[in-house]
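A short worksheet on the structure shown next.
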Amino acid sequence: MAANRLQRDDDRRLNLEQQKTRAKELLRAVRRSEPEALARVQAHHPQAREGSFSVEHCKLSDAQLVIARELGVASWPKLKAHIERLDRARDAIADGRAAPDRDGPTVHIRCGSDIRQPLKDAGFAGDFLEFSDPLWLGPLSDAEEHARIIAEAAGMSPAAVATKLRREHDELAVAADRYGRIVVWCEHDPYDQLCLARVLAEFVGRARLPQIELIAVDGFPAIERFIGLGQLSPAALRLLWEGRIAVSPRLLALGAAVWDALRDPSPRALHAIAAGGTPELPIMAGALVRHLHELPHANGLSATQEAALRVLRGGPQTVAQLFWIVDTQIDTLPFMGDLFFAAVLRDLQRVKRPPIRVHEDTLSQPWPRQRLSLTPSGVALLDGGLDWMSLDPPERWVGGVRIAPGGPVWRWSKADQLVYG
Numbered sequence: 054m055a056a057n058r059l060q061r062d063d064d065r066r067l068n069l070e071q072q073k074t075r076a077k078e079l080l081r082a083v084r085r086s087e088p089e090a091l092a093r094v095q096a097h098h099p100q101a102r103e104g105s106f107s108v109e110h111c112k113l114s115d116a117q118l119v120i121a122r123e124l125g126v127a128s129w130p131k132l133k134a135h136i137e138r139l140d141r142a143r144d145a146i147a148d149g150r151a152a153p154d155r156d157g158p159t160v161h162i163r164c165g166s167d168i169r170q171p172l173k174d175a176g177f178a179g180d181f182l183e184f185s186d187p188l189w190l191g192p193l194s195d196a197e198e199h200a201r202i203i204a205e206a207a208g209m210s211p212a213a214v215a216t217k218l219r220r221e222h223d224e225l226a227v228a229a230d231r232y233g234r235i236v237v238w239c240e241h242d243p244y245d246q247l248c249l250a251r252v253l254a255e256f257v258g259r260a261r262l263p264q265i266e267l268i269a270v271d272g273f274p275a276i277e278r279f280i281g282l283g284q285l286s287p288a289a290l291r292l293l294w295e296g297r298i299a300v301s302p303r304l305l306a307l308g309a310a311v312w313d314a315l316r317d318p319s320p321r322a323l324h325a326i327a328a329g330g331t332p333e334l335p336i337m338a339g340a341l342v343r344h345l346h347e348l349p350h351a352n353g354l355s356a357t358q359e360a361a362l363r364v365l366r367g368g369p370q371t372v373a374q375l376f377w378i379v380d381t382q383i384d385t386l387p388f389m390g391d392l393f394f395a396a397v398l399r400d401l402q403r404v405k406r407p408p409i410r411v412h413e414d415t416l417s418q419p420w421p422r423q424r425l426s427l428t429p430s431g432v433a434l435l436d437g438g439l440d441w442m443s444l445d446p447p448e449r450w451v452g453g454v455r456i457a458p459g460g461p462v463w464r465w466s467k468a469d470q471l472v473y474g
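So for the sequence shown, our numbering puts the first residue at 54; every next one is plus one.
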C-alpha cells in the first residue's frame, strides 16, 4: 500500500581481506596523525574516549577494533565471525542446499512484500503471508472507515483496500491451524512493531499453538543507516534465520497489551507500556514512543508534519526531495512510505491558511515533482505563534486516538516525554 523506499544492500562488499586492508591503512594514517583517522579512533575506540589512547602505541588490533565498530560490530573477532557466516550463507545459496525451514510446514509473516522474493532466493520453502495493515492510522474499531482512510492516503479504492486487509486478517486467523511453525520478520520501526503486536495478539488464549518464532532486528553490520529488512540480501536473511528466537508467553502477552492499548481512544495505556521499556522485546518501546510522537505537539503539529515544515524553512523542495530529507536525515525512526508522507503533506494544505503551498508552475506535474514552499502560517507554527489545531485541520487518527478540532485533543510533550490532554 506504499511505494518501497528501500534499496537492497549488497553485503558481498563486506569481505575479510578488504577489512584487513582497511585496518592497515587506518593504522598508518593514525601513526601519521592524520586528523580524519584520529577522529575515527576518537569516535570508536573506548580508550580514546576515556583519554588513555596513545598514538605512539597504536597497534593493528586497535585499528581493527575501530573498523569493526564503524561497521556496527563490537569487536574484530565478532566481525570476522560475521563475515565467515555470511560467506557460508552465500555458499549454501549458490550450492542449492536444503531449505533452512525444511523441517516443518512454515509460514513467514511480514508487514510488507519486500522480502518475499529474497526469502525464495535465499532458499526458504515456506509460505509467505503479507500482513501490512498500517495500524498507526485509525479508527481501528471501524474496519470500513479504517480502510477508507488508508485508501485515501494511498490513492487506492476503498473496496480494494478493504478486500486486501480482510484477506490478510483472515489468513492470520487460520495460520495457527495450518502451520507447525510461524515466523514473524520485523524491524524496529512503528509500522513493524505495531503489526507485530497485532500478530502476536492473534495467538493469545488459543488452546493449541504452533511453534512461533521471531526475527526482530534494529541494525545489520556494514549498513550505516539501517531502515529495514528490505535492505538485506538473501544471504543476510539466511544469516538472520540462525538468530531467531522462540516467542514466549510473556512476549505474546506484551503483543496483546499493546494491541489493546493501541485501539484505546486514550494514549495513556500505550505510553505506560512504552515507559516500562518492554523488556520482553526492548526495541518495541522505542517504536511505541515514535508512534506517540505523531500526537499533536505544543504547536498542534505531529512529528512528521513539523519535520516537513522545518525542512521547507530552509528553502523550497519537491515532494520527493522533502520525503528523502525527512526520511533519511531527520526522522530517527522512519516508518512511512512516500505515499503516506504525501498524504500528510496534502492534509497540511487542507486549511484556510495552509503552512505550505505548491508552486503554480508545478501543479500539473506528478505529485513527487511538485515543488513546495513554506508560507507565513508555516513560519508562525514553527515559531510557536500559531496552533495547528486552531486552523480547523482535517480529522486524523493516531492508532485509536482521534485528532480533530473543536474538542479536547491529546498531545505529546517533547520536553517531558509524556502525553497530556
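By construction, the Cβ of each residue, glycine as well, lies at the ideal position given by its N, Cα and C atoms.
Check this for me: beta carbons of residue i and residue j, under 7 Å apart or not?
i: Gly191; j: Trp420; result: no
i: Gly460; j: Pro274; result: no
i: Pro99; j: Pro171; result: no
i: Ala314; j: Leu305; result: no
i: Ile162; j: Leu182; result: yes
i: Ala229; j: Pro263; result: yes
i: Leu292; j: Ala142; result: yes
i: Pro338; j: Gly330; result: Note on residue identity: the sequence assigns Ala, not Pro, to residue 338. Contact: yes.
i: Arg363; j: Leu427; result: no
i: Gly453; j: Pro318; result: yes
Can you tell me the Cα-Cα spacing of residue i and residue j, whole angstroms?
i: Pro407; j: Ala457; result: 16 Å
i: Lys73; j: Arg93; result: 16 Å
i: Asp154; j: Pro243; result: 28 Å
i: Arg58; j: Ser105; result: Residue confidence is low: Arg58 scores 44 on pLDDT, short of 50, so the model does not pin down where it sits. No coordinate-derived value is stated.
i: Leu69; j: Gln284; result: 21 Å
i: Ala212; j: Glu448; result: 21 Å
i: Gln60; j: Asp140; result: For Gln60, the predicted structure reports a pLDDT of 45, less than 50, and the residue's modelled location is therefore unreliable. A value from the coordinates is still provided. Straight-line Cα distance between these residues: approximately 21 Å.
i: Asp380; j: Phe393; result: 12 Å
i: Ile409; j: Gln402; result: 6 Å
i: Leu416; j: Arg422; result: 9 Å
i: Gln246; j: Val83; result: 42 Å
i: His346; j: Leu425; result: 24 Å
i: Arg75; j: Pro130; result: 15 Å
i: Phe215; j: Gly474; result: In the sequence under discussion, the amino acid at residue 215 is Ala, which differs from the Phe named in the question. Each residue's alpha carbon lies about 32 Å from the other.
i: Pro369; j: Ala204; result: 28 Å
i: Ala116; j: Ser128; result: 11 Å
i: Asp144; j: Gly179; result: 20 Å
i: Phe388; j: Asp148; result: 36 Å
i: Gly165; j: Ser185; result: 5 Å
Regarding residue i and the ligand MN, is the C-beta to nearest heavy atom distance less than 6 Å?
i: Met442; result: Because no ligand of any kind appears in the structure shown, any question about the ligand MN cannot be addressed here.
Would you please state the rounded distance, in angstroms, between the beta carbons of residue i and residue j? I believe it to be under 8 Å.
i: Trp189; j: His344; result: 6 Å
i: Ala254; j: Gly308; result: 5 Å
i: Ala444; j: Val411; result: Ala is not the amino acid found at residue 444; the sequence shown has Leu there. No, Leu444 and Val411 are not in contact; Cβ-Cβ is about 18 Å, not under 8 Å.
i: Leu348; j: Val472; result: 7 Å
i: Ala90; j: Leu79; result: 6 Å
Quickly, what does DSSP pair residue i with across the bridge? List them, please.
i: Val236; result: His161, Glu266
i: Glu448; result: According to DSSP, Glu448 bridges with nothing at all.
i: Thr371; result: Arg424
i: Phe181; result: His161
i: Ser466; result: Leu471
i: Ile168; result: Answer is none; Ile168 lacks a bridge partner.
i: Ile409; result: Leu427
i: Ile456; result: Arg449
i: Ile276; result: The partner list for Ile276 (beta bridge, DSSP) is empty, contrary to what the question assumes.
i: Ala299; result: Glu266
By alpha-carbon positions, which one of the options ends up nearest to residue i?
i: His110; options: Ala206, Phe279, Glu221, Arg81; result: Arg81
i: Arg297; options: Gly208, Val270, Leu182; result: Val270
i: Glu277; options: Ser114, Gly208, Ile120; result: Ile120
i: Gly258; options: Arg303, Cys239, Leu292, Arg75; result: Arg303
i: Thr159; options: Glu87, Gly233, Pro88, Leu113; result: Gly233
i: His135; options: Gly157, Trp441, Leu67; result: Leu67
i: Leu282; options: Asp148, Val311, Glu224, His241; result: His241
i: Glu87; options: Leu401, Asp223, Arg261, Val108; result: Val108
i: Val252; options: Glu197, Val237, Pro263; result: Val237
i: Glu266; options: Ile280, Cys239, Gly272; result: Cys239
i: Asp400; options: Glu359, Arg366, Gly437, Gly368; result: Glu359
i: Ala328; options: Phe177, Gln470, Ala200; result: Gln470
i: Ala361; options: Ala207, Leu434, Phe256; result: Leu434
Does chain B have any CB closer than 7 Å to the CB of residue i?
i: Thr381; result: In the displayed structure, chain B is absent; only one protein chain is listed.
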